[in-house]
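Participant: Submitted below is the structure of interest, expressed as structure tokens.
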Amino acid sequence: MASAVSSKPLVQFESFGKFLQDVWLISFLFIFIRGDTTISFPFLWIGILLLIAIVINLFFYKTGYQIAISLLVSVIFGLLAFVFGAPFWFFAAILAFSLWRIQERYSKIQEDATHDGYFMTLLLVLFSLSYFLATILRRPDAIRETIQLAIVGILLFMLDRMIVQWKRSKEENRVPFYKLVLFYLGIISIAAFAFAVIAGLAGKARESIVLLLDDLFVLILYPVGIIMDGLRAIFSKFISPPVARESADKPKGQLQQNEVDNFKGTEFGLDIPWVAILSSILIIIVILFVWRFAKNKAQIVEFDDNQVEYEKNVSKSNHVNEQKDLAWNYSMETNIVREAYRDFEKDASSKGFTRHQNETIREWFLREGWNVSEHFYDVYDVVRYSEGLMNEQDGKWFIDELKKLSKKYLINEV
């Protein structure tokens, strides 16, 4: 009997890739925020959260999802923001975002890796908006960072997709990993060479086209220029800070008495302990978060005699037929069971039995009063994390149990 390759690294890598996609999309929001940091906000954001993701992945591979670990790692590496001169709100944003997205990406079933999701669409939308605003506001630094984030984001997305598909199919194609890397680098090299050639010829081509179609371009682009100037004036009012004007008839550094009084009237805001207030709010939020989403509580589940007897029979039957059962491959049969569970959850949600966000399947079933055996949760864990080998009998039994639950609790619901 051929041994199946453990798919836990694949599940972890999928969660890791999804988390990085979230980080990359949010980084576009920091392009227009400037501060006294050593590194600009978008790249500091990506760097710190990338370190958090790597360490979290190493821990979770051994322990599984643990909110205490995610909290500890996020706080420790989030403090690096202060090393680079970032403000407190930036540290708070890193902490809140990492706890939220780690919980979403590592404690729940992710979409099947054959679906790209909405990352590329959202990346294109955010790139277009950022580039448009940077052009309107005449911010060359923002334009440069927008292009850099978009290019690197696409390259990382391609690499993530290739590795995931290689892990899913390496038992069939037997392609060494180094060949995959060489293929990826070859694609990037060809694209870079093509870009260099086009960029080198673009200047002369642009000059030739302008000479031929000069009047036509002026006619077409003149109204566009008027619109762009108007939009720039509107956005500048909200984003650009007012420029202080110096009085020509006053000595430098000297103010009239009424101006001094005006400044004194605005000094009250400096005495407010903003750091203490924000720290208290953040601590309260973290405490509530840990209290609400902690999954380490021991739960007592009662079973009737029939369920216990059925579990014993299933266990004995599995032991007798162990040599006859073939291990399920993660990329095929396990997905069948996963899709059956997803269909059950969607059907239950449409009938009013919605699973709450951040709620485990055990908590959901207990809340709804649906009694299942402990073996049901064990098989679910195998489907979710793909730990160990799953035989055909377990998979069929799990699907049959879902059908029984649907007939018993969902068939008569509207």
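Add 34 to the 1-based position in the sequence shown for the numbering used here, that's all there is to it. Even for Gly, the Cβ is constructed at its ideal location relative to N, Cα and C.
Going by beta carbon distance, what residues of the same chain come within less than 6 Å of arginine 372, once the five residues before and after it are set aside?
Facilitator: If we look at arginine 372 and ignore the five residues flanking it on each side, its Cβ neighbours are Val417.
Participant: Could you spell out the range, first to last residue, of the alpha helix (DSSP H) harbouring glutamate 435?
Facilitator: Looking at the DSSP string, the run of the alpha helix (DSSP H) that includes glutamate 435 is 426-439.
Participant: Taking only the alpha-carbon atoms, compute the straight-line gap between valine 231 and leucine 265 and give it to the nearest angstrom.
Facilitator: If I take the Cα positions, the gap works out to 34 Å.
Participant: What is the DSSP secondary structure of glutamine 391, counted as helix, strand or coil?
Facilitator: DSSP places glutamine 391 in coil when its eight states are reduced to three.
Participant: Between the C-alpha atoms of leucine 92 and lysine 201, what's the straight-line distance to the nearest angstrom?
Facilitator: The straight-line gap from Cα to Cα measures roughly 18 Å.
Participant: If you draw a straight line from the alpha carbon of arginine 195 to that of lysine 213, how long is it in whole angstroms?
Facilitator: Straight-line Cα distance between these residues: approximately 15 Å.
Participant: Should aspartate 82 be labelled buried (16 or more other beta-carbon atoms within 10 Å of its own) or exposed?
Facilitator: For the record, residue 82 in the displayed sequence is isoleucine; it is not aspartate. Per the 10 Å Cβ criterion, buried.
Participant: Distance, Cα to Cα, alanine 115 vs isoleucine 101?
Facilitator: Looking at the two C-alpha atoms, the distance is approximately 22 Å.
Participant: Can you find the residues in the same chain that come closer than 6 Å, C-beta to C-beta, to alanine 120, ignoring five residues on each side of it along the sequence?
Facilitator: Cβ within range, chain order: Thr71.
Participant: Helix, strand or coil, according to DSSP, for phenylalanine 217 in the structure here?
Facilitator: If DSSP states are grouped into helix, strand and coil, phenylalanine 217 belongs with the helices.
Participant: Here's the rule I'm using: 16 or more other beta-carbon atoms within 10 Å means buried, otherwise exposed. How should aspartate 339 be labelled?
Facilitator: With a pLDDT of only 49 at aspartate 339, under 50, the local geometry of the prediction cannot be trusted, and the value read off the model is given with reservation. With fewer than 16 Cβ atoms within 10 Å of its Cβ, aspartate 339 is classed as exposed.
Participant: Whose C-beta lies closer than 7 Å to the C-beta of phenylalanine 50 among residues of the same chain, with five residues either side of it excluded?
Facilitator: Same-chain partners within the cutoff: Ala87, Asn91.
Participant: Taking DSSP as the reference, what is the three-state secondary structure of asparagine 369?
Facilitator: Note: asparagine 369 maps to helix in three-state DSSP.
Participant: Hey, out of Tyr218, Leu235, Ile170, whose CA is closest to isoleucine 268's CA?
Facilitator: Nearest C-alpha to isoleucine 268: Ile170.
Participant: So the alpha helix (DSSP H) tryptophan 123 belongs to, where does it begin and stop?
Facilitator: Per DSSP, tryptophan 123 belongs to the alpha helix (DSSP H) from 122-140.
Participant: Hey, is the segment 130-143 in contact with the segment 176-190, meaning 3+ C-beta pairs nearer than 8 Å?
Facilitator: Judged by Cβ distances under 8 Å, the segment 130-143 makes no contact with the segment 176-190, as fewer than three pairs qualify.
Participant: When we look at the beta-carbon of serine 104 and count the other beta-carbons within 10 Å, is it buried (16 or more) or exposed?
Facilitator: When all chains shown are included, serine 104 counts as buried.
Participant: Expressed to the nearest angstrom, what Euclidean distance is found between the alpha-carbon atoms of phenylalanine 378 and tyrosine 443?
Facilitator: Straight-line Cα distance between these residues: approximately 11 Å.
Participant: At which residues does the alpha helix (DSSP H) containing leucine 83 begin and terminate?
Facilitator: Looking at the DSSP string, the run of the alpha helix (DSSP H) that includes leucine 83 is 75-97.
Participant: Please classify lysine 385: does DSSP put it in a helix, a strand, or coil?
Facilitator: If DSSP states are grouped into helix, strand and coil, lysine 385 belongs with coil.
Participant: Using three-state DSSP, classify isoleucine 445 as helix, strand or coil.
Facilitator: It is coil, neither helix nor strand.
Participant: At the level of alpha carbons, what is the spacing between glutamate 138 and glutamate 393?
Facilitator: Whole-angstrom Cα-Cα distance: 11 Å.
Participant: Please report the Cβ distance between leucine 163 and serine 61, rounded to the nearest whole angstrom; I am assuming they are in contact, meaning their Cβ atoms lie under 8 Å.
Facilitator: Rounded, the Cβ-Cβ distance is 13 Å, inconsistent with contact.
Participant: Count the other CB atoms, across all protein chains shown, that sit within 10 Å of the CB of histidine 409; report buried if there are 16 or more and exposed otherwise.
Facilitator: Burial call: buried.
Participant: Considering only their Cβ atoms, is the gap separating isoleucine 370 from isoleucine 433 smaller than 9 Å?
Facilitator: Cβ atoms of isoleucine 433 and isoleucine 370: closer than 9 Å.
Participant: Report the three-state DSSP secondary structure of serine 407 (helix, strand or coil).
Facilitator: It is coil, neither helix nor strand.
Participant: Should valine 57 go down as buried or exposed, given a rule of 16 or more other Cβ atoms within 10 Å for buried?
Facilitator: It is buried - the Cβ of valine 57 has at least 16 other Cβ atoms within 10 Å.
Participant: By the three-class DSSP mapping on this structure, what secondary structure does aspartate 70 have?
Facilitator: It is coil, neither helix nor strand.
Participant: On the criterion of 16 or more Cβ atoms from any shown chain inside 10 Å, does glutamine 391 qualify as buried, or is it exposed?
Facilitator: Looking at its Cβ environment, which holds fewer than 16 other Cβ atoms inside 10 Å, glutamine 391 is exposed.
Participant: My guess is that phenylalanine 77 and glycine 69 are in contact by the Cβ rule of under 8 Å, so how many angstroms apart are they, rounded?
Facilitator: About 13 Å; that fails the 8 Å criterion.
Participant: So the alpha helix (DSSP H) glycine 112 belongs to, where does it begin and stop?
Facilitator: From DSSP, the alpha helix (DSSP H) with glycine 112 extends over 101-112.
Participant: Counting along the chain, where does the alpha helix (DSSP H) carrying tyrosine 165 start and finish?
Facilitator: Tyrosine 165 -> alpha helix (DSSP H) spans 153-170.
Participant: Considering only the alpha carbon of each residue, which of Leu157, Gly98, Phe66, Val89 lies closest to valine 45?
Facilitator: Here the closest residue by C-alpha is Gly98.
Participant: Just mark phenylalanine 111 as buried or exposed, buried being the case when its beta carbon has 16 or more other beta carbons within 10 Å.
Facilitator: It counts as buried.
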